[in-house]
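Structure record follows, encoded as structure tokens.
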Amino acid sequence: MTELAKKEALLEASGYRYHFDRMIYFNRTKRQALSLEYVEDHSLEEIRDLVDQQPAANGWAFYFNDPPSDRVKHDLADALG
Numbered sequence: 524m525t526e527l528a529k530k531e532a533l534l535e536a537s538g539y540r541y542h543f544d545r546m547i548y549f550n551r552t553k554r555q556a557l558s559l560e561y562v563e564d565h566s567l568e569e570i571r572d573l574v575d576q577q578p579a580a581n582g583w584a585f586y587f588n589d590p591p592s593d594r595v596k597h598d599l600a601d602a603l604g
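In terms of our numbering, the sequence shown opens at residue 524 and continues consecutively.
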């Protein structure tokens, strides 16, 4: 199993779903979204640490290699519910 496949399996087992149009993994319960690029570029341990975190206190937590603009955050939060 490749490193990326292990990360994807971890995310799916932890309740994350992949949004094909936006190229992100998201979990509505935890209010977290990780870009595909972020998942590819960070270690399995880093991804596991994020998955183990408590839900964001105020709104969504976004994990991207380059921080998204406030508008992108707002649009994603609306689209993800």
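C-beta atoms are modelled at their ideal positions from N, C-alpha and C, and glycine is treated no differently.
Are the CB atoms of residue j and residue i within a distance shorter than 7 Å?
i	j	result
Pro578	Arg594	no
Tyr548	Leu533	no
Asn588	Asp572	no
Ala602	Trp583	no
Please classify residue i as buried or exposed, where buried requires at least 16 other C-beta atoms within 10 Å of its C-beta.
i	result
Ala556	buried
Lys529	exposed
Phe585	buried
Asn550	buried
I'd like to confirm the pairing. Which residues does DSSP put opposite residue i in its beta bridges?
i	result
Leu557	Tyr548 and Tyr586
Tyr541	Tyr548
Identify whether residue i lies in helix, strand or coil by the three-state DSSP scheme.
i	result
Ala536	helix
Check whether chain C comes within 7 Å of residue i, counting only Cβ atoms and requiring the distance to be less than that.
i	result
Phe543	You won't find chain C in this structure, because it holds only one protein chain.
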